[in-house]
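> Residue numbers (our numbering), protein chains in the order written: chain A, 3 to 306; chain B, 2 to 319.
Positions of the beta carbon are idealized from the N, C-alpha and C atoms, including for glycine.
Dropping a structure here in structure tokens format, bear with me for questions.
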Amino acid sequence: MLRFVVRRLLVTVPMVLVVVSLTWGLIRLAPGNFYTGEKPIPPAIEKNLREKYGLDKPWYVQYGKMISNTLHGDFGSSLKYQGQPVNSILKNALPVSATLGLLAYLLALFVGILSGTLAALRQNSRLDYSSMAAAMLGISVPNFVLGPALVLLFSLTWYVLPPALWGGPSHLILPVLTLSGLYMAYIARLARSGMLEVLRSNYIRTARAKGLPERQVLMHHALRGGLLPVVSFSGPALAFLLTGTVVVERIFALPGLGNYFINANLNRDEPLIIGIVAFISIVILIFNLLVDIAYGFIDPRVRY
Amino acid sequence: MIEPKPLVTAPAEEAVVGTSLWKDAWSRLRRNHLAIFGMVVVSIVIAASIIGPPIIRGLTGYTYDSIPADSALIKSFPPFTAPDGSFSWAHPMGTDIAGRDILARVLLGGRISLMVGVISTLVSLIIGITFGATAGYLGGKVDEVMMRIVDVLYAIPYMMVVIVLLAFFGGQSPLGQLFLLFAALGAVSWLTMARIVRGQVISLKNQEFILAARATGVSTTKIIARHLVPNTLGPVIVYATLTIPSVMLLEAFLSFLGLGVQAPLASWGSLAADGIQNIAIFPWQLLCPGITMAITLFSLNFMGDGLRDALDPQMRKS
């Protein structure tokens, strides 16, 4: 177990470096520069700029510096937000995205597992059909349609919730609902099919045969096996959540990582792009590791 | 001279009506009303986006980028409304901020969105089948290395790399941007396909029916064509149908963020992005493309689910 965790943590470092190198390579292969704009820059100023940002050095020196920065966890200063270190931008933006993602995921887990399990217990009932139709709707409605539709209803028609920006808890409700719709739907479908499979298995029949009350059969035996697909979905779900937050932060104008990432790309703000990519890669890899560890606790068949 | 009677009379050429995989699947699919409904809606959307724009131009003279020449201050009218506020068939989805017919733009967006969905899925199919079949067929060390690569790729935040790619290389020309989208979206959605094909090839190459076919003297090419390929094709088609809506969703995200399809072309994502600017006053500018897209994705997903149940009974979630 400990060996497994250490090995996986060691693999994380080269993988983050691969992602960061890929991103850096793409940025450097692209034509143009962060300072090239509408107006041509005088050669003297361009020379000074290139010197200041180390662009006059050979590419492998610049690449080496970027890698060493990444390994030290210090990504330098943003090119666009003058004088702001990338790390302090990350520190300010992270709570926004993390709150959003975590709340959305918890909501999706709660509603998804509940409706999926109930649908499986009453297979082919009206409840089953309606919750699966709702889940299909959740998968099909893009979040950039769901979000504005919610804004239209709650902020512009009934005036009960703020339409955008970051503030008190009431500012969280619409973004979290928008973000969690898709995952709720996925989790409900996964929970339903997982539970259906488990409820037919032999060990559930054994549990019933030895006279356990139905509640205990369900809580202690069925849920544990039936929710395995939901647990293994949690790894990729985090990656998807991050993609979703980009759009949701855009819709609701929230100062999160996704919004900064898009702006950094439009501004060609290399240190900020590298910083966010590296940070998110680490988060995803660690989350995947946590999911694998959790798997071992839930499913006694898994050995490391 | 007496003809010697043949000892065994040759049986009359009586065609044995066997149920093929596809016939079986079709009869299962036909009973699934939701899937049939999905197929009908998808066919309507495809047909409308192909023949719709020329019909609209023929009937009313509007194209997706024709801007009316009047000098009215407000050019955006609700669905079925004429500039004077009376009922009119001229613009069934209303007009946008520049006075352009939204229906024509939504149909053009449908063309682009569906094209991106289908072509990117084909790209991912080609990469995924080649990679998965090679790994599964060769087996051993090669298989192990190739699948480790897939594992590694699974863990990277590929959407961020795609965003960087489009932000730094995009924007040259509308057509070039489309090709970049095909390539980028295809290149990030083949991983699951490779895993599925590999699993299929591995489980098939040692199965009894392949052995039986070999024992009865069926040639290798025929084994592959008649027995291996149709059996991998089921899950491949199913997964491809489910990949199309997810790729369309990714394209819509990117276009929504301004990194995908570029003006004067439009996709459902970029139309929604335009519409969201004026959501408080002109909600139909967002809702018309948004609802069209949701209905299409909904139908595609039902179709994919139905195909899965029909073609791949083992994968069916009863």
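Taking 6 Å as the limit between beta carbons, can you name the residues of its chain near A/N50, skipping five residues before and five after?
Excluding residues within five positions, none has a Cβ falling inside 6 Å.
> For the stretch 145-159 of chain B, which residues have a beta carbon sitting closer than 7 Å to at least one beta carbon of chain A?
For the stretch 145-159 of chain B, which is checked against every Cβ of chain A, the residues closer than 7 Å are V153, A156, I157 and P158.
> Enumerate, from N- to C-terminal direction, the unbroken alpha helix (DSSP H) stretches of 4 or more residues contained entirely within the stretch 204-228 of chain A.
DSSP runs (the alpha helix (DSSP H)) wholly in the stretch 204-228 of chain A: 204-211 and 225-228.
> Grab me the residues of B/A134's own chain with a C-beta within less than 6 Å of its C-beta, minus the 5 sequence neighbours each way, in chain order.
Around B/A134: V198 and V202.
> May I have the straight-line CA-CA distance separating B/M2 from B/L212, to the nearest angstrom?
Because B/M2 sits at a pLDDT of 49, beneath the cut-off of 50, its placement in the model cannot be relied upon, and the following sentence gives the value as read from the coordinates. In a straight line, the C-alpha of B/M2 is about 48 Å away from that of B/L212.
> Based on Cα-Cα distance, which residue from A/I300, A/T159, A/I295 and A/D301 lies nearest to A/V7?
Of the candidates A/I300, A/T159, A/I295 and A/D301, the one whose C-alpha sits nearest the C-alpha of A/V7 is A/I295.
> Of all the CB atoms in chain A, is at least one closer than 9 Å to the CB of B/V239?
For B/V239, the answer is no, since every Cβ of chain A falls outside 9 Å of its Cβ.
> So A/V143 packs on B/A295, CB below 8 Å; how close in whole Å?
5 Å between Cβ atoms; contact.
> Kindly say whether B/F299, judged by its beta-carbon, lies nearer than 9 Å to any beta-carbon of chain A.
It does; some Cβ of chain A falls within 9 Å.
> Scan the stretch 242-269 of chain A for residues whose Cβ lies nearer than 8 Å to a Cβ of chain B and list them as they occur along the chain.
So the list reads L244, T245, V248, V249, R252, I253, F263, I264, N267 and L268, given in the order they occur along the chain.
> Going by C-alpha to C-alpha distance, which of B/P290, B/L287, B/V107 and B/P175 sits closest to B/I57?
When each option's Cα is compared against that of B/I57, the closest is B/V107.
> Let me see if you follow: with CB-CB separation under 9 Å, is B/M161 close to chain A or not?
Chain A contact via Cβ: present.
> Would you say B/G291 lies against chain A (beta-carbon separation less than 9 Å)?
Yes - at least one Cβ of chain A is within 9 Å of the one on B/G291.
> If contacts are defined as beta-carbon pairs under 8 Å, then A/S99 and A/T247 qualify, I think. What distance do you get, rounded to the angstrom?
Yes, they are in contact, since the Cβ atoms of A/S99 and A/T247 sit about 5 Å apart, within 8 Å.
> Please identify the residue among B/F169, B/G110 and B/V119 whose C-alpha is closest to the C-alpha of B/L260.
Minimum Cα distance to B/L260 is reached at B/F169.
> Counting only beta-carbon atoms, is A/A151 nearer than 9 Å to chain B?
Yes, its Cβ sits closer than 9 Å to a Cβ of chain B.
> So, with DSSP's three-state summary, where would you put A/L292?
The answer is helix: DSSP assigns A/L292 an H, G or I state.
> Have a look at B/F180, B/L266, B/L255 and B/L301 and flag the residue whose alpha-carbon is nearest the alpha-carbon of B/V239.
Nearest of B/F180, B/L266, B/L255 and B/L301 to B/V239, Cα basis: B/L301.
> Any chance the stretch 110-121 of chain A sits against the stretch 164-171 of chain A, with 3 or more Cβ pairs inside 8 Å?
They do not touch, by the three-pair rule.
> For A/R202 versus A/D301, is the C-beta distance shorter than 9 Å?
Result no, Cβ atoms of A/R202 and A/D301 do not sit closer than 9 Å.
> Within 9 Å (strictly less), CB to CB, does B/P236 reach chain A?
Answer no: the Cβ-Cβ gap between B/P236 and chain A never drops below 9 Å.
> Counting only C-beta atoms, is A/F112 closer than 9 Å to chain B at any point?
With 9 Å as the cut-off, A/F112 does not count as an interface residue toward chain B.
> Does B/I164 have its Cβ less than 9 Å from a Cβ in chain A?
Yes - at least one Cβ of chain A is within 9 Å of the one on B/I164.
> In chain A, which residues lie less than 8 Å from B/I280 when you measure between Cβ atoms?
In chain order: P150, V153, L154 and L158.
> DSSP state of A/P87, grouped into three classes?
A/P87: strand per DSSP, three-state reduction.
> Enumerate in chain order the residues of its own chain whose CB-to-CB distance from A/L192 is below 6 Å, with the five nearest sequence positions on each side excluded.
Closer than 6 Å at Cβ, skipping near neighbours: P231, V232 and F235.
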